[in-house]
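Q: If you want the numbering used here, it's the 1-based position in the sequence shown plus 333. All C-beta atoms in this analysis are idealised placements derived from N, C-alpha and C, irrespective of residue type, glycine included.
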Amino acid sequence: MAALKQTQSVENKHKLSNTLRNWLPILHSSLSDLGEAMSPFVESNPLIEVASGFEESFEQKIPKKIMSNSVANTRTEQIEALTIVNRSLYDVLDEQIDSSLFPTPKSKEIAYFVVANLDENGYYEGNSEYFCKLNSITLEEFERVRARFAYVEPIGVGAKNLSESFIFQLDDSDVSDEAYPLAVKVITDIENIYAYSDEKNFAEVMRVLGTFKNPPAIEYQEESSQIIPDLMIFFNEDESIEVKLNDAYYPTITIDTNYGVEHEFVSQKIKEAKSLVDALDMRKATLYKVGLMIVEYQYQFFTGGAIMPLTLKTLADEFGHNPSTISRAIANKYIACNRGIFAMKEFFTTAIDEDVSNAAIKEFVVNLVKQENRKKPLSDMKLLELIQDKFKVQMVRRTIAKYRKQLNIAGSSERKKLYHLH
334 MAALKQTQSV ENKHKLSNTL RNWLPILHSS LSDLGEAMSP FVESNPLIEV ASGFEESFEQ
394 KIPKKIMSNS VANTRTEQIE ALTIVNRSLY DVLDEQIDSS LFPTPKSKEI AYFVVANLDE
454 NGYYEGNSEY FCKLNSITLE EFERVRARFA YVEPIGVGAK NLSESFIFQL DDSDVSDEAY
514 PLAVKVITDI ENIYAYSDEK NFAEVMRVLG TFKNPPAIEY QEESSQIIPD LMIFFNEDES
574 IEVKLNDAYY PTITIDTNYG VEHEFVSQKI KEAKSLVDAL DMRKATLYKV GLMIVEYQYQ
634 FFTGGAIMPL TLKTLADEFG HNPSTISRAI ANKYIACNRG IFAMKEFFTT AIDEDVSNAA
694 IKEFVVNLVK QENRKKPLSD MKLLELIQDK FKVQMVRRTI AKYRKQLNIA GSSERKKLYH
754 LH
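1) Relative to the C-alpha of L564, which candidate in C670, P358, S365 and L367 has its C-alpha closest?
2) Look up C670 in the DSSP assignment and give the residues it is bridged to.
3) Can you give the Cα-Cα distance for Y513 and N525, rounded to whole angstroms?
4) Any contact between the stretch 570 to 584 and the stretch 529 to 548? By contact I mean 3 or more CB pairs, one from each, below 8 Å.
5) Examine the Cβ distances between the stretch 422 to 433 and the stretch 443 to 453 and report whether three or more of them are shorter than 8 Å.
6) Could you tell me which uninterrupted alpha helix (DSSP H) segments, each at least 4 residues in length, are contained entirely in the stretch 613 to 657, listed from first to last along the chain?
7) Would you mind working out which of D510, A444, L515 and E458 sits nearest F482, comparing C-alpha positions?
8) Based on the DSSP secondary-structure assignment, which residues constitute the bridge partners of K439?
9) Which partner residues does T585 have in the DSSP bridge list?
10) Using alpha carbons as the reference points, say which of R737, S498, S712 and R616 lies closest to K666.
11) Under the rule that 16 or more other beta-carbon atoms within 10 Å means buried, what is N579, buried or exposed?
12) Short check: CB of D504 to CB of K735, under 8 Å?
13) Which residues does DSSP list as the beta-bridge partners of Y457?
14) For a test of the three-state rule: what should DSSP assign to V508, helix, strand or coil?
15) Can you tell which of K466, K622 and M641 has its C-alpha closest to the C-alpha of D650?
16) In its own chain, which residues sit with a C-beta less than 6 Å from the C-beta of E532, not counting the 5 before and 5 after it?
17) Quickly, what does DSSP pair I574 with across the bridge? List them, please.
18) Ignore the nearest five residues each way along the sequence and tell me which others in K749's own chain have a CB closer than 6 Å to its CB.
19) Hey, how far is the Cα of N741 from the Cα of T647?
20) Near E382, which residues of its chain fall below 6 Å by C-beta distance, leaving aside the five closest residues on each side in sequence?
21) Measuring only the C-alpha atoms, how far is E376 from N591?
22) Closer than 6 Å by C-beta to F675: which residues in its own chain qualify, once you throw out the five before and the five after it? Chain order, please.
23) Please determine, among E511, K725 and V702, the residue with the shortest C-alpha to C-alpha distance to L746.
24) Let me know if Q502 comes out buried or exposed under the rule of 16 or more other beta-carbons within 10 Å of its beta-carbon.
25) Measuring straight from C-alpha to C-alpha, what distance separates L645 and F724?
26) By DSSP, does S390 sit in helix, in strand, or in coil?
27) Leaving out five residues before and five after S385 in sequence, what residues of the same chain have Cβ atoms less than 7 Å from its Cβ?
28) Quick one: residues in its chain with C-beta nearer than 7 Å to the C-beta of K441, no 5 flanking neighbours on either side, listed in chain order?
29) Which value, in whole angstroms, describes the spacing of the CA atoms of R707 and Y484?
30) What's the gap between the Cα of F598 and the Cα of Y457?
31) What number of angstroms, rounded off, separates the C-alpha of L467 from the C-alpha of S461?
32) Is the beta carbon of R737 less than 8 Å from the beta carbon of L717?
33) Tell me the residue span of the alpha helix (DSSP H) that contains Y513.
34) Where does F681 fall in DSSP's three states?
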């Protein structure tokens with residue numbers, strides 16, 4: 334009896350590991366790429382038939398009460414955005430030029446020129462000297478503004494070459510302070526990358542570089558990027574909020590269990606087919622649970638308010654997964670709601686710890702600089718001390734410098750000169 338239980342336990346574990354192996358690539362892919370993510374499993378299994386979920390018209394897949402505009406929502410406009418939205422790289426970048434990164438007409442003009450002169454990979458190839466001469470701008474001024482593309486999504490776009498693109502991405506990565514100098518060395522000497530293989534932090538540097546986008550505009554290399562929402566969140570007539578999976582776009586899997594041959598190969602392929610179906614169901618269950626959590630934590634947003642601090646760690650703890658797994662799970666996933674279509678990652682403010690969002694840190698930095706002694710402006714190290722004392726968190730000086738640049742705040746020595754001029 335004990336042996337039987339042990340055998341069943343091993344079989345269940347094997348089934349679960351098969352499902353999980355299938356589940357991760359299926360979970361990480363976008364809804365439009367789901368069929369492609371499944372193809373390696375399907376091509377090797379003659380017992381599976383897959384019908385694409387994209388063959389019917391979009392209108393047939395949206396709840397009638399949404400299509401007929403009968404959803405009662407007195408707080409915001411009716412849901413009108415539940416369509417396939419085409420957004421090019423230029424649409425995404427143009428939206429970000431209207432931000433604090435480019436606050437002046439001159440900086441906006443430079444930013445638009447950079448965007449207009451990107452190649453298909455996202456690298457800048459414009460004639461900077463000609464532009465500067467035409468607009469009476471120094472090359473140094475131009476380059477200072479172009480450098481701000483290090484904080485624009487997708488990160489890496491606007492760089493002149495691969496090395497610079499990787500430097501942009503490095504400052505947004507999770508590389509440790511200890512490994513950072515080696516990462517810069519490796520990136521600036523990328524052709525001789527393995528000359529550094531004996532260095533102490535080489536393994537970490539290689540892991541970080543492996544997460545970078547190459548080329549930086551890889552997601553937008555087609556003419557446009559199709560956005561299909563994975564979830565729909567809307568208010569019903571009784572003012573209750575509903576989370577609905579957009580599962581009509583999911584492929585339909587049919588398994589031929591009447592193959593007519595009793596053979597170990599056939600039995601194995603049937604098991605693999607069933608684990609693929611289980612993986613698809615796990616994807617649906619996981620994203621639905623993510624939607625419920627987003628509604629729970631971000632309810633104010635759906636009623637017209639702001640997005641509240643919510644960390645990936647909070648979500649990871651709920652699921653029992655690593656935050657990096659959750660980060661990949663919500664990448665390229667979208668939610669359609671009464672305020673439009675939003676990337677899932679927008680509902681998660683990057684946080685320093687569980688309760689402090691980077692938005693709160695940035696607001697604190699702005700207030701500190703506004704109130705600083707103009708004869709002795711606060712250095713990044715002093716800002717770091719004050720932040721750590723206020724929020725009881727551990728940070729590094731490089732992060733403070735990054736936030737300061739995102740807020741368009743000059744360094745302490747530059748601010749001192751500016752104060753003196755005024």
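A: According to the structure shown:
1) C670
2) I566 and G673
3) 18 Å
4) no
5) yes
6) 632 to 635 and 645 to 652
7) A444
8) DSSP, once it has assigned bridges, lists no residue as partnering K439.
9) A384
10) R616
11) buried
12) yes
13) L451
14) coil
15) K622
16) L515
17) F568
18) P710
19) 30 Å
20) T587
21) 19 Å
22) I668
23) In the sequence under discussion, the amino acid at residue 746 is Ser, which differs from the Leu named in the question. For S746, the nearest C-alpha among the options comes from V702.
24) buried
25) 19 Å
26) Only weak support is given to the placement of S390: the predicted model assigns it a pLDDT of 39, under 50, and the question is left unresolved by the model.
27) G368 and P584
28) I430 and F435
29) 28 Å
30) 53 Å
31) 10 Å
32) no
33) Y513 to T521
34) coil
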